[in-house]
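What follows is a single structure, written as structure tokens, with notes after it.
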Amino acid sequence: MNRLLFILCFALLITSCSGEDNNDASIVGRWKLTAWEVADGFDMNNDGIVNTNILNEIECISNETLIFETEGVVSSNKTFNPDIDIALQEGTTDKYVFKVRCDEEGVIGFATTYSLKNTDTVIFNDNESAIVGNQLFRLIKESIKIYNKDFTEVVATKDLTLVYTKQ
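Going letter by letter, the sequence shown gives residues -19 to -1, 1 to 148 in mature numbering (1 follows the signal peptide of the UniProt record, and there is no 0).
This is the structure we're talking about:
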């Protein structure tokens, strides 16, 4: 009886412990771009509603998806890349002029390695991204440039947070 109990405990120990921890289980899979968040927001489509999610303000179609693989590779073959120019209206501190051009010419793709810093932080392209539930937040500092009225000088910048939702 003791021998049978020992064998059962040993079998349970072997099957419950593995040499590899699968810490990347929460990151592996497809993540769709669902927001371009900017503090204070903009009213780019002139509907009278300021929105912090730029995707809700422009007509460009976003099909960007990040694919995280178990082998430590992240890739995307449909990178969202509109050209957005923002200028401060002369004599104001909070009124803007927008020029938005959707990228319909081609597709920008990439593949690179990623690593997990811990269970809620992934690093790729030299940038840390936070994982919160089923969303991934990727902060790009000073990504939004605001120009003077002639678009000749940057007068301010804003951080952009890309938000991806796991599919």
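Positions of the beta carbon are idealized from the N, C-alpha and C atoms, including for glycine.
Owing to the predicted nature of the structure, the values given are computational and were not obtained by experimental measurement.
Starting from K147, follow the beta strand (DSSP E) in both directions and report where the run begins and ends.
If you number the sequence shown from 1, residue 147 lands on position 166. Here the beta strand (DSSP E) through K147 covers 135 to 147.
Mind checking S57: buried by the 16 CB within 10 Å criterion, or exposed?
Residue mapping note: residue 57 aligns to position 76 of the sequence shown, counting from 1. The residue is buried, with at least 16 neighbouring Cβ atoms inside 10 Å.
Run through DSSP, which three-state label would S43 get?
Reading the sequence shown from its first residue, position 62 is the one you call residue 43. DSSP places S43 in coil when its eight states are reduced to three.
Mind checking T142: buried by the 16 CB within 10 Å criterion, or exposed?
As a working mapping, residue 142 is identified with position 161 in the sequence shown. Buried, by the Cβ-count rule.
Tell me the DSSP bridge mates of Y128?
Residue mapping note: residue 128 aligns to position 147 of the sequence shown, counting from 1. Answer is A68, V135, bridged to Y128.
Rounding to the nearest angstrom, what Cα-Cα distance links L47 and V55 in this structure?
Counting from one through the sequence shown, the residue named residue 47 turns up at place 66. Counting from one through the sequence shown, the residue named residue 55 turns up at place 74. When rounded, the distance between both Cα atoms is 7 Å.
Which residues in the same chain as N115 place their Cβ atom closer than 8 Å to its Cβ, once the five residues preceding and following it in sequence are excluded?
Position 134 of the sequence shown holds residue 115. Contacts found: T146, K147.
In three-state terms, what does DSSP make of A62?
Mapped onto the sequence shown, residue 62 falls at position 81. Here the sequence assigns Asn to residue 62, which means Ala is not the residue at that position. In the structure shown, N62 sits in coil (DSSP, three-state: anything other than H, G, I, E or B).
DSSP three-state call for N99: helix, strand or coil?
Position 118 of the sequence shown holds residue 99. If DSSP states are grouped into helix, strand and coil, N99 belongs with the strands.
For T51, tell me which candidate among I127, I35, V9 has the shortest Cα-Cα distance.
In the sequence shown, residue 51 corresponds to position 70, counting from 1. Measuring from the Cα of T51, the nearest candidate turns out to be V9.
Is it buried or exposed for S96, if we count other Cβ within 10 angstroms and need 16 for buried?
On the sequence shown, residue 96 is found 115 positions in, with the first residue counted as 1. It counts as exposed.
Once DSSP output is grouped into helix, strand and coil, what is the label at N106?
Reading the sequence shown from its first residue, position 125 is the one you call residue 106. Coil.
Here's the rule I'm using: 16 or more other beta-carbon atoms within 10 Å means buried, otherwise exposed. How should A68 be labelled?
Translated into the one-based positions of the sequence shown, residue 68 becomes position 87. By the 10 Å Cβ count, A68 comes out buried.
Does L(-8) come out as helix, strand or coil in the three-state DSSP assignment?
As a working mapping, residue -8 is identified with position 12 in the sequence shown. Model confidence at L(-8) stands at a pLDDT of 38, short of 50, so the residue's coordinates are unreliable and nothing is read from them.
Can you tell me whether F49 is buried or exposed? The criterion is at least 16 other CB atoms within 10 Å of its CB, across all chains shown.
Counting from 1 along the sequence shown, the entry for residue 49 is found at position 68. Buried, because 16 or more other Cβ atoms sit within 10 Å of the Cβ of F49.
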